[in-house]
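Visitor:
Numbering (this note's numbering), first residue to last: 12 to 146.
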């Protein structure tokens, strides 16, 4: 029975933990079939366990404590990414996410948005309440 449960969990493609106050997402690293993941309103700082989730197309991490988004650079299938209300200042890891169509980085500490120049598929971009002085 346990192996069947593990097999079913491994097949999950949509998962959400919103308003749960979780801080450790390392158990998610084996869910490589995930395409949609919502982790808003938690206490997450470290997103490195997501590096292996290359099938993700939609990811939300609003209202967490994330400052380092470099683990996202391998998630090149992402089309939807919301990272509002975190502590992000360096968005250069997003340069490789050329499939992004919808990106929200509002309420962070971003001053340089030049890394977004390579994101030619972007249709919706939200940058409210950052420290951007030059566009």
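For each residue, glycine too, the CB sits at the ideal point set by N, CA and C.
Please report how far the alpha carbon of residue 128 lies from the alpha carbon of residue 111, in whole angstroms.
Guide: Cα to Cα, the separation comes out at about 12 Å.
Visitor: In three-state terms, what does DSSP make of residue 133?
Guide: Of the three classes helix, strand and coil, the one that applies to residue 133 here is coil, per DSSP.
Visitor: If I measure Cβ to Cβ from residue 137 and keep anything under 6 Å in the same chain, skipping five residues before and after, which residues do I get?
Guide: Excluding positions up to five away in sequence, the list reads 115 and 117.
Visitor: Quick one: Cα of residue 88 to Cα of residue 33, how far?
Guide: Approximately 25 Å, taken between the alpha carbons.
Visitor: Can you give the Cα-Cα distance for residue 57 and residue 78, rounded to whole angstroms?
Guide: About 8 Å.
Visitor: Please confirm whether residue 113 and residue 135 have their CB atoms less than 8 Å apart.
Guide: Yes, Cβ-Cβ distance for residue 113 and residue 135 is below 8 Å.
Visitor: By a C-beta neighbour count over all protein chains shown, 10 Å radius and 16 as the cutoff for buried, is residue 108 buried or exposed?
Guide: Classification for residue 108: buried.
Visitor: On a Cα-Cα basis, can you pick out the residue from 97, 130, 53 and 120 that is closest to residue 142?
Guide: The residue with the shortest Cα to Cα distance from residue 142 is 120.
Visitor: Between residue 43 and residue 70, what straight-line distance do the alpha-carbon atoms span, to the nearest angstrom?
Guide: Each residue's Cα considered, the two are about 14 Å apart.
Visitor: Should residue 53 be labelled buried (16 or more other beta-carbon atoms within 10 Å of its own) or exposed?
Guide: The residue in question, residue 53, is buried, as its Cβ has 16 or more Cβ neighbours within 10 Å.
Visitor: Have a look at the DSSP bridge pairing and note the partners of residue 25.
Guide: 47, per the DSSP bridge assignment.
Visitor: Evaluate residue 139 with the Cβ neighbour count: other Cβ atoms within 10 Å of its Cβ, from every protein chain shown; 16 or more gives buried, anything less gives exposed.
Guide: Exposed: under 16 other Cβ atoms inside 10 Å.
Visitor: Can you tell me where the beta strand (DSSP E) with residue 71 in it begins and where it stops?
Guide: First-last of the beta strand (DSSP E) with residue 71: 69-71.
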